[in-house]
Amino acid sequence: MAARGRYRRISDVDRNRLIDAFEADDADYLQVADTLGIKHSTARSIVGVYLRDGRRNKLPKGGPINQKVDDDMRDALQGYLDDNPLLTLRQLNTQLRADLPDKPFVTTSTIARTLDGMLLTLKLAEDVPEQHEPRILVARVIFGNWFLQVGVLGHTVYIDETGYNLWTRRSYGRAPRGEPARRVVHGQRGKQVNITFAISGEVGQNIIRDCDESDF
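Below is the structure:
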């Protein structure tokens, strides 16, 4: 059996030429088809589609036909991951529905494909101490200037803390391709932080045990 030859693609320009010839004279469009090297059956099919659907151009093939995720939804997803790169696909979808209830319903698989298209990949997350954030650095400079000018004039008490708590969290997060997934941490202290001792220039050192922040 001979191999089937490749189908010839008819451009939109040739399609419009056939339809224009058909509208001018019913018999003339077949002569135009011969001139363009188009089979009569193909020419009749093109004219038939035009009469039935009013469509002149061919339909696009391949790729997403109906994209449910628009730019607003992509911006929202980007914002969620900027705030917390450890969010799961289900958490992202839940947050998206809560913030954009009028948008089309999408599945977690759609969210995953959208993130892949945005070049946001899943990778092992690393912790970044909060004190290294730009806003914290600025706040520390402001506090240092205030302390040197005003704070030293009062009764200053320096304290030390203990009581570190452990907790569980996700190890993987999403970030742009080529960039690490960073999560800003506030230290490993839980709510029950204990004061171990306090030092004052006027009182000296006072060691304290078995107390928490409610005692101060």
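Just so you know, we're using full-length UniProt numbering here: the sequence shown kicks off at 1 and counts up by one.
Beta carbons: idealized from backbone N, C-alpha and C, even for Gly.
Since we're looking at a predicted model, the values are computed, not measured.
Would you kindly work out how many angstroms separate the C-alpha atoms of N16 and Y50, rounded to a whole number? 10 Å
Note down the Cα distance separating P176 from K68, rounded to an integer number of angstroms. Our two residues, P176 and K68, have alpha carbons roughly 22 Å apart in a direct line.
Please classify R174 as buried or exposed, where buried requires at least 16 other C-beta atoms within 10 Å of its C-beta. buried
Nearest candidate by alpha-carbon position, reference V13, set D28, A33, A24: A33
What residues in its chain sit with their C-beta under 8 Å from that of R55, if we drop five residues either side in the sequence? V49
How far does the alpha helix (DSSP H) with G79 in it extend, from its first residue to its last? 71 to 83
If you follow the beta strand (DSSP E) that P176 is part of, which residue opens it and which one closes it? 172 to 176 is the span of the beta strand (DSSP E), which, as asked, contains P176.
Would residue 218 pass as a contact of L18 if the rule is Cβ separation under 8 Å? No answer is possible for residue 218: it lies beyond the span of the chain, which begins at 1 and ends at 216.
Whole angstroms is fine: what's the gap from P104's alpha carbon to D70's? 10 Å
Roughly how many angstroms lie between the CA atoms of Y164 and D102, to the nearest whole one? Low confidence applies here, because Y164 scores a pLDDT of 49, under 50, leaving its location unreliable; read the following figure in that light. Going by the C-alpha atoms only, they are around 44 Å apart.
Would you give the residue range spanned by the alpha helix (DSSP H) that L96 belongs to? 89 to 99
L30 to R9, Cα distance in whole Å? 18 Å
Within this structure, are the beta carbons of A125 and L86 separated by less than 8 Å? yes
Run the CB neighbour count on A24, radius 10 Å, all protein chains shown included, and call it buried at 16 or more, exposed below. exposed
Got a sec? Which residues, its chain only, sit under 6 Å from L122 by beta carbon, not counting five neighbours each side? Y172, R174
State the DSSP-derived secondary structure class of S200, mapped to helix, strand or coil. Residue state, collapsed to three classes: strand.
Among K39, S11, L92, V138, nearest to T110 - alpha-carbon criterion: L92
So what does DSSP say about R182, is it helix, strand or coil? Three-state result, R182: strand.
Around the Cβ of I38, are there at least 16 other Cβ atoms within 10 angstroms (buried) or fewer (exposed)? Label assigned to I38: buried.
Among I199, E202, Q78, which has the Cα closest to the Cα of D116? D116 has its Cα closest to that of Q78, out of I199, E202, Q78.
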